[in-house]
Amino acid sequence: MEVEGALPSYGKVTRELLDELRGIVGDEHIITEGPSMKDYSHDEMAEDIAITYMPDVVVKPGSVEEVSRILKLANAHLIPVTPRGAGTGLSGGAVPVYGGIVLCLERMNTVLEVDEDNLMMTVEAGAPLMSIYKALEGTGLFFPPHPGDESAQIGASVATNAGGARTVKYGVMRDYVKGAEIVLPTGEILNLGGKLMKNNTGYSLLHLLIGSEGTLAVFTKVILRLLPKPKESMILIMPFNEVGDAISAVPDILKSGEIPLGLEYLERECITPTEKLTGETWPAKGEAFLMVVVVGKSEDELYSICQEIAKIGEERGASDILLADKRRDQDVIMNIRSNIYEGLKPETLEILDIGVPPSKIAEFVRTVKKISSEENASLPVYGHAADGNVHVHVMRTGLGENWKDTYLRVKKRLFEAGKALGGVITAEHGVGAQKIPDLHYTLTQKEIELMKAIKGIFDPNNILNPGKVLPPNR
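Structure, rendered in structure tokens:
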């Protein structure tokens, strides 16, 4: 898939420049050829629509000083630099669309400190989420955000303001980043924020950078806020025969006074292929489900909460409600839910993450079903019903030879449906390179102009992750 827009005028990665890069990070931390180069040319977008561009060189710094020197060198020679985490994105955000340098932060992966007194931890940007969760074992603390893929790196998760199933109770990544060490495209190192619960000093550059998708600065270290870990958990599975009944129960659950850890909507169409993938069996029958995860201090507390939520579900048409209060049963349920993306992946063209106001989620899902029927397109839906963000998979299945025309038409109709309900084209995955042509569904021209002005201040030579988030200047 080609990225639209005029090609900026960039310098070339010469032999001399490669020698300078080797002098910064060492020859063993540079890749210029071989099969592994291809790994850095794409992310997790489906192959049929993937945005794929080869870098000229992959550089793996081991310190913030090395990142600074690389960016100073690139800026001086007008070489584009694409920061990259684990490459788990779904919008082409880490793809080097203009070649140049891929800045891979995987070596900077240390959990530097767990500060139990301040309920904070400090980690390098290349640390995978799984290492963060592991470092907190036995402390009685936890890091609430859980975007899904635990191999994702924390720096990239901050750069995309990742969300996930726990957003309804705990918020998104932005709510837990208290400080950061960053490197500007010109090479200057800044330390923003700190171990502070309050900071009202000037404009928040930290929060401007969170969610900027690596276009304004490179995160090299972050300070994360922690919370006491809940002691107990339970899961309710509420089966419904009608999609509308399932979704309509969500506002009533949220108004009940107990905000669950997760409130997910799932369809049988999503579960069946995932059962085959995992070898495990979903424990309930039905066509549509609400999966409600609750956490608290005691089992008695959770039984009471689950009883109240189950009553709401029954009033909305749920039957044969299942309570998973044993760890093994919960693990089976969570494993199937966590692998739905992988279960659907072989036939997926694109996974959309449109967000609408939570009160409009039922109407949006009904519209998805209408579009699916009218276009004869398979559009399985699942995801974070409580925060208005469900994932719609546009499937290749049954689209035939003219699949691309149908795919683009379906995508357009889905974006229009989201916009009509006061929604946005991306609630989690980010704009990347892929959704730039669709920005008009969410942003005004004035908003885009202001964002371009901000980009110009941070990155006057437009070397940092060019071709992402914003349309090029014509």
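Counting from 1 along the sequence shown, just add 1455 to a position and that's the residue number in the numbering used here. By construction, the Cβ of each residue, glycine as well, lies at the ideal position given by its N, Cα and C atoms. Given the structure is predicted, the values throughout are model-derived calculations rather than measurements.
Between the beta-carbon of residue i and the beta-carbon of residue j, is there less than 7 angstroms?
i            : j            : result
residue 1623 : residue 1616 : no
residue 1493 : residue 1562 : no
residue 1684 : residue 1595 : yes
residue 1519 : residue 1556 : no
residue 1848 : residue 1799 : yes
residue 1873 : residue 1843 : no
residue 1560 : residue 1610 : yes
residue 1498 : residue 1804 : no
residue 1521 : residue 1480 : yes
residue 1850 : residue 1802 : yes
residue 1745 : residue 1701 : yes
residue 1729 : residue 1795 : yes
residue 1597 : residue 1587 : no
residue 1836 : residue 1722 : yes
residue 1773 : residue 1506 : no
residue 1548 : residue 1923 : yes
residue 1546 : residue 1839 : no
residue 1833 : residue 1852 : yes
Considering only the alpha carbon of each residue, which of the options lies closest to residue i?
i            : options                : result
residue 1536 : 1490, 1668, 1544       : 1668
residue 1672 : 1728, 1471, 1720, 1915 : 1915
residue 1895 : 1749, 1884, 1867, 1918 : 1867
residue 1579 : 1877, 1517, 1599       : 1517
residue 1790 : 1781, 1498, 1767, 1737 : 1737
residue 1784 : 1586, 1690, 1921, 1488 : 1690
residue 1674 : 1875, 1764, 1581       : 1581
residue 1495 : 1551, 1484, 1502       : 1551
residue 1706 : 1886, 1752, 1841       : 1841
residue 1651 : 1666, 1640, 1636, 1679 : 1679
residue 1526 : 1681, 1899, 1641, 1865 : 1641
residue 1906 : 1711, 1734, 1834, 1664 : 1664
residue 1869 : 1701, 1818, 1901       : 1818
residue 1531 : 1647, 1472, 1831, 1717 : 1472
residue 1876 : 1855, 1814, 1768       : 1814
residue 1919 : 1599, 1479, 1528, 1506 : 1528
residue 1591 : 1583, 1760, 1719, 1576 : 1576
residue 1910 : 1751, 1845, 1670, 1614 : 1670
residue 1845 : 1898, 1882, 1901       : 1882
residue 1696 : 1735, 1548, 1771, 1644 : 1771
residue 1752 : 1857, 1787, 1688       : 1688
residue 1491 : 1509, 1523, 1619, 1482 : 1509
residue 1831 : 1477, 1864, 1838, 1545 : 1864
residue 1653 : 1573, 1608, 1620, 1619 : 1573
residue 1762 : 1824, 1711, 1464       : 1711
Between which residues of its own chain and residue i is the CB-CB distance below 6 angstroms, once the five residues before and five after are set aside?
i            : result
residue 1649 : 1634
residue 1760 : 1713, 1749
residue 1708 : 1764, 1767
residue 1891 : 1926
residue 1646 : 1636
residue 1524 : 1479
residue 1769 : none
I'd like the span of the alpha helix (DSSP H) that includes residue i, first residue to last.
i            : result
residue 1799 : 1795-1799
residue 1474 : 1470-1480
residue 1588 : 1584-1590
residue 1822 : 1816-1830
Using a Cβ-Cβ cut-off of 7 angstroms, state whether residue i counts as contacting chain B.
i            : result
residue 1679 : Among the chains of the structure shown, chain B does not appear; only one protein chain is present.
Give the range of the beta strand (DSSP E) segment to which residue i is assigned.
i            : result
residue 1694 : 1687-1695
residue 1538 : 1536-1539
residue 1676 : 1673-1680
residue 1528 : Segment 1519-1532 is the alpha helix (DSSP H) holding residue 1528; no beta strand (DSSP E) there.
residue 1837 : 1836-1839
residue 1497 : First-last for residue 1497: undefined, no H or E at that position.
residue 1807 : 1803-1807
residue 1570 : 1566-1570
residue 1917 : Element bounds for residue 1917: n/a, residue is neither H nor E.
residue 1848 : 1844-1850
residue 1577 : 1575-1579
residue 1558 : 1556-1559
residue 1512 : 1512-1514
By Cβ distance, which residues of its chain are closer than 8 angstroms to residue i, with the 5 residues on each side in sequence left out?
i            : result
residue 1775 : 1694, 1739, 1740, 1741
residue 1797 : 1729, 1732
Heavy atom of the ligand SAH less than 6 angstroms from the Cβ of residue i, yes or no?
i            : result
residue 1641 : As far as ligands go, the structure on display features none, and thus does not contain the ligand SAH.
Return the chain-ordered list of same chain residues with a C-beta closer than 7 angstroms to the C-beta of residue i, the five sequence neighbours on each side being excluded.
i            : result
residue 1822 : 1872
residue 1893 : 1870, 1880
residue 1606 : 1541, 1543, 1583, 1585
residue 1662 : 1629
residue 1501 : 1803, 1804, 1805
Continuous beta strand (DSSP E) assignments of at least 3 residues falling wholly in the region 1869-1915: Complete beta strand (DSSP E) runs here, min 3: none at all.
Scan the region 1698-1782 and note each continuous alpha helix (DSSP H) run of 4 residues or more that stays entirely inside, going in chain order. Counting whole runs of 4 or more residues, the region 1698-1782 contains the alpha helix (DSSP H) stretches 1698-1709, 1723-1733, 1754-1770.
Residue ranges of each alpha helix (DSSP H) within the region 1600-1671, 4 or longer: Within the region 1600-1671, the alpha helix (DSSP H) runs of at least 4 residues that lie entirely inside it are, in chain order, 1609-1614, 1622-1625, 1660-1664.
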